[in-house]
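The structure appears right after this line, and notes come after that.
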Amino acid sequence: MEIIMAFVIGFLFMAAVYLILSKSLLRIIIGTGLLSHGAHLLILTMGGLTSEAPPVLKEGAKTFADPLPQALILTAIVISFGVTAFFLVLAYRSYQELETDDISLMRGSDEDE
(Lines of atoms letter the chains of each structure in order from A and count residues from 1; the text may use other names and numbers.)
(Lines give C-alpha, C1' and ligand atoms only; values in the text may rest on other atoms or scores of the structure.)
Protein backbone atom coordinates (compact mmCIF):
# COMPACT_ATOMS: atom_id res chain seq x y z
CA MET A 1 0.00 0.00 0.00
CA GLU A 2 2.89 2.34 0.73
CA ILE A 3 4.21 1.89 -2.82
CA ILE A 4 0.91 3.03 -4.31
CA MET A 5 0.80 6.00 -1.96
CA ALA A 6 4.37 6.91 -2.94
CA PHE A 7 3.35 7.07 -6.60
CA VAL A 8 0.23 9.12 -5.78
CA ILE A 9 2.27 11.54 -3.66
CA GLY A 10 4.91 11.83 -6.39
CA PHE A 11 2.22 12.54 -8.99
CA LEU A 12 0.63 15.21 -6.76
CA PHE A 13 3.99 16.90 -6.19
CA MET A 14 4.80 16.74 -9.91
CA ALA A 15 1.47 18.28 -10.91
CA ALA A 16 1.78 20.92 -8.18
CA VAL A 17 5.24 22.03 -9.29
CA TYR A 18 4.08 22.17 -12.91
CA LEU A 19 1.08 24.33 -11.99
CA ILE A 20 3.05 26.60 -9.65
CA LEU A 21 5.58 27.35 -12.42
CA SER A 22 2.86 28.55 -14.83
CA LYS A 23 2.00 32.19 -15.48
CA SER A 24 -1.69 32.04 -14.60
CA LEU A 25 -2.57 33.07 -11.05
CA LEU A 26 -5.45 30.60 -10.77
CA ARG A 27 -3.20 27.71 -11.81
CA ILE A 28 -0.69 28.74 -9.15
CA ILE A 29 -3.42 28.64 -6.50
CA ILE A 30 -4.53 25.18 -7.65
CA GLY A 31 -0.89 24.07 -7.57
CA THR A 32 -0.47 25.18 -3.96
CA GLY A 33 -3.61 23.24 -3.07
CA LEU A 34 -2.25 20.10 -4.72
CA LEU A 35 1.07 20.59 -2.96
CA SER A 36 -0.63 20.75 0.43
CA HIS A 37 -2.67 17.61 -0.34
CA GLY A 38 0.53 15.81 -1.31
CA ALA A 39 2.15 16.87 1.96
CA HIS A 40 -0.88 15.62 3.92
CA LEU A 41 -0.69 12.23 2.23
CA LEU A 42 3.05 12.09 2.85
CA ILE A 43 2.61 12.69 6.57
CA LEU A 44 -0.17 10.10 6.73
CA THR A 45 1.93 7.52 4.89
CA MET A 46 4.97 8.13 7.06
CA GLY A 47 2.77 7.63 10.14
CA GLY A 48 2.01 4.10 8.97
CA LEU A 49 -0.92 2.66 7.07
CA THR A 50 -2.40 -0.10 9.19
CA SER A 51 -6.03 -1.07 9.38
CA GLU A 52 -5.57 -3.66 12.11
CA ALA A 53 -4.49 -1.31 14.89
CA PRO A 54 -6.97 1.04 16.58
CA PRO A 55 -6.07 4.75 16.67
CA VAL A 56 -6.31 4.84 20.47
CA LEU A 57 -5.00 2.43 23.05
CA LYS A 58 -7.76 0.22 24.49
CA GLU A 59 -7.63 -2.25 27.31
CA GLY A 60 -5.76 -5.30 26.11
CA ALA A 61 -4.62 -3.84 22.78
CA LYS A 62 -1.04 -4.75 22.00
CA THR A 63 -0.59 -2.43 19.00
CA PHE A 64 -2.06 0.96 18.21
CA ALA A 65 -1.78 3.59 15.49
CA ASP A 66 0.08 6.80 16.18
CA PRO A 67 -2.45 9.67 16.55
CA LEU A 68 0.14 12.42 16.01
CA PRO A 69 0.17 12.35 12.17
CA GLN A 70 -3.62 12.55 12.11
CA ALA A 71 -3.61 15.56 14.42
CA LEU A 72 -0.91 17.26 12.33
CA ILE A 73 -2.86 16.66 9.13
CA LEU A 74 -6.07 18.02 10.63
CA THR A 75 -4.27 21.20 11.67
CA ALA A 76 -2.59 21.50 8.27
CA ILE A 77 -5.92 21.10 6.45
CA VAL A 78 -7.41 24.00 8.39
CA ILE A 79 -4.37 26.20 7.74
CA SER A 80 -4.25 25.35 4.03
CA PHE A 81 -7.97 26.12 3.70
CA GLY A 82 -7.40 29.57 5.18
CA VAL A 83 -4.38 30.24 2.98
CA THR A 84 -6.24 29.08 -0.14
CA ALA A 85 -9.21 31.31 0.69
CA PHE A 86 -6.84 34.25 1.15
CA PHE A 87 -5.12 33.52 -2.18
CA LEU A 88 -8.46 33.32 -3.98
CA VAL A 89 -9.63 36.66 -2.57
CA LEU A 90 -6.28 38.22 -3.45
CA ALA A 91 -6.45 36.84 -7.00
CA TYR A 92 -10.02 38.06 -7.44
CA ARG A 93 -9.13 41.54 -6.24
CA SER A 94 -6.04 41.73 -8.46
CA TYR A 95 -8.13 40.58 -11.42
CA GLN A 96 -10.63 43.37 -10.72
CA GLU A 97 -7.90 46.00 -10.61
CA LEU A 98 -5.58 44.79 -13.37
CA GLU A 99 -8.05 42.86 -15.57
CA THR A 100 -5.61 39.97 -16.07
CA ASP A 101 -4.41 36.93 -14.19
CA ASP A 102 -1.14 36.63 -16.10
CA ILE A 103 1.78 37.10 -13.72
CA SER A 104 4.05 38.63 -16.37
CA LEU A 105 1.47 41.35 -17.12
CA MET A 106 0.93 42.24 -13.46
CA ARG A 107 4.24 44.04 -13.09
CA GLY A 108 3.98 47.72 -12.34
CA SER A 109 5.88 50.36 -14.22
CA ASP A 110 7.83 53.36 -12.98
CA GLU A 111 5.46 55.73 -14.80
CA ASP A 112 2.63 54.87 -12.37
CA GLU A 113 4.34 56.63 -9.45
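Residue numbers 1 to 113, in full-length UniProt numbering, belong to the letters of the sequence shown in order. Beta carbons are placed, not taken as given, at the ideal position from N, Cα and C, and that holds for glycine.
query                                                                                   : result
Beta-carbon proximity list for Met5, same chain, < 6 Å, skipping 5 on both sides        : Thr45
Exposure of Ser36, with buried meaning 16 or more beta-carbon neighbours within 10 Å    : buried
Residue burial classification, Leu25 (beta-carbon count within 10 angstroms, cutoff 16) : buried
Cα-Cα separation between Glu97 and Arg27, rounded to whole angstroms                    : 19 Å
Coil, strand or helix - Ser80 by DSSP                                                   : helix
Integer-rounded CB distance, given that Gly48 should sit under 8 Å from Ala65           : 7 Å
Own chain, CB closer than 8 Å to Leu72, minus 5 neighbours either side, in chain order  : Ile43
Whether Leu41 touches Val8 by CB criterion (8 Å)                                        : yes
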